[in-house]
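Asker: Under the working numbering, the letters of the sequence shown match residues 8 to 197, in that order. Glycine residues also receive a C-beta, built at the ideal position from the N, C-alpha and C atoms.
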Amino acid sequence: MIARRAHDPRRGDGLSPTDPRLLGNPLDFLHEDHLREREICVMLDRIAAAENPDQDAAAHAAGFLADELPLHFADEEEDLFPLLRQRCEPEDDIERALARLSADHSHAGVETPDLVTLLRRVAEGEAALTPEDRALLTRYASHSRRHLILENAIVLPLARARLTRRDLDRMRLAMLHRRGLDRLIGGLRC
Ligand SMILES: [Fe+2]
Ligand SMILES: [Fe+2]
Numbered sequence: 008m009i010a011r012r013a014h015d016p017r018r019g020d021g022l023s024p025t026d027p028r029l030l031g032n033p034l035d036f037l038h039e040d041h042l043r044e045r046e047i048c049v050m051l052d053r054i055a056a057a058e059n060p061d062q063d064a065a066a067h068a069a070g071f072l073a074d075e076l077p078l079h080f081a082d083e084e085e086d087l088f089p090l091l092r093q094r095c096e097p098e099d100d101i102e103r104a105l106a107r108l109s110a111d112h113s114h115a116g117v118e119t120p121d122l123v124t125l126l127r128r129v130a131e132g133e134a135a136l137t138p139e140d141r142a143l144l145t146r147y148a149s150h151s152r153r154h155l156i157l158e159n160a161i162v163l164p165l166a167r168a169r170l171t172r173r174d175l176d177r178m179r180l181a182m183l184h185r186r187g188l189d190r191l192i193g194g195l196r197c
């Protein structure tokens, strides 16, 4: 059974797509995506460990990985990382962290399609999981968690410290445009 969180109405339940109102501050939106990604990791581990995996959870995780994660990676690669490169000071040593994160994104890009196929099979109640399937699920969750720790502990705090209001405005517009929401939503400010 999928658990739901209840708090600030703009904050998600960890299941639905992140509320675009959080784009008032695009860094809050990215942080909320990270909370959601962490929920997905919990689901992947549960599916890997279950005798009879939860089909709804598998369908939900497949949807997130196929539809939302690519947008999140693009938000980081195309908007956040270039702005950090522009704004960070040499002592921030940001390049090493960004190189590591981009390598993770490429690696995830290779593994995600297989994982989505596997999760869709689980969602449709097909075939028992093999040991290799279970290993893929737990490995993916563990790599994603390591990635999230680096982004939450280093990258987002640096972005909050270094990016200007104008940078955040640029990010917000690009992220809205990426989702086809730029004409629908106006007037959001930090
Ligand atoms: Fe991220
Ligand atoms: Fe990332």
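For residue 108 versus residue 170, is the C-beta spacing smaller than 8 Å?
Answerer: No, they are not a contact pair.
Asker: Going by CA-CA distance only, name the one from 190, 160, 184 that's closest to residue 105.
Answerer: 160
Asker: If you measure between the beta carbons of residue 55 and residue 128, is that distance less than 8 Å?
Answerer: no
Asker: What residues in its chain sit with their C-beta under 8 Å from that of residue 62, if we drop five residues either side in the sequence?
Answerer: 129, 130, 131, 132
Asker: Return yes when at least one heavy atom of ligand 1 lies under 7 Å from the C-beta of residue 84, else no.
Answerer: Residue 84 Cβ: outside cutoff for every heavy atom of ligand 1.
Asker: Measuring CB to CB, does residue 121 end up less than 8 Å from residue 143?
Answerer: Result yes, Cβ atoms of residue 121 and residue 143 sit closer than 8 Å.
Asker: Please state the DSSP three-state secondary structure of residue 24.
Answerer: coil
Asker: Rounded to whole angstroms, how far is the Cβ of residue 82 from the Cβ of residue 37, which I believe are closer than 8 Å?
Answerer: Indeed they touch by this definition, with Cβ atoms about 6 Å apart.
Asker: So, is residue 179 buried or exposed, given that buried needs 16 or more other C-beta atoms within 10 angstroms?
Answerer: buried
Asker: Within 10 Å of its beta-carbon, does residue 98 have 16 or more other beta-carbons around it, so buried, or fewer, so exposed?
Answerer: exposed
Asker: Measuring alpha carbon to alpha carbon, tell me which of 172, 137, 188 ends up nearest residue 59.
Answerer: 137
Asker: Which residue marks the beginning of the alpha helix (DSSP H) containing residue 95, and which one marks its end?
Answerer: Run containing residue 95: none; DSSP gives neither H nor E here.
Asker: Taking its Cβ as the centre, do 16 or more other Cβ atoms sit within 10 Å of residue 96, making it buried, or is it exposed?
Answerer: By the neighbour-count rule (16 or more Cβ atoms within 10 Å), residue 96 is not buried but exposed.
Asker: Hey, would you say the C-beta of residue 237 is under 7 Å away from at least one heavy atom of ligand 1?
Answerer: The first residue shown for the chain is 8 and the last is 197, placing residue 237 beyond what the model contains.
Asker: Here's the rule I'm using: 16 or more other beta-carbon atoms within 10 Å means buried, otherwise exposed. How should residue 139 be labelled?
Answerer: exposed
Asker: Is it buried or exposed for residue 168, if we count other Cβ within 10 angstroms and need 16 for buried?
Answerer: Classification of residue 168: exposed, given that the 10 Å Cβ count is below 16.
Asker: Straight-line CA distance for residue 32 to residue 79?
Answerer: 15 Å
Asker: Would you tell me roughly how many angstroms separate the C-alpha atoms of residue 115 and residue 147, rounded to the nearest one?
Answerer: Within the model, the alpha-carbon separation for residue 115 versus residue 147 is close to 8 Å.
Asker: Tell me whether residue 77 sits in a helix, a strand or coil according to DSSP, three-state version.
Answerer: Three-state result, residue 77: helix.
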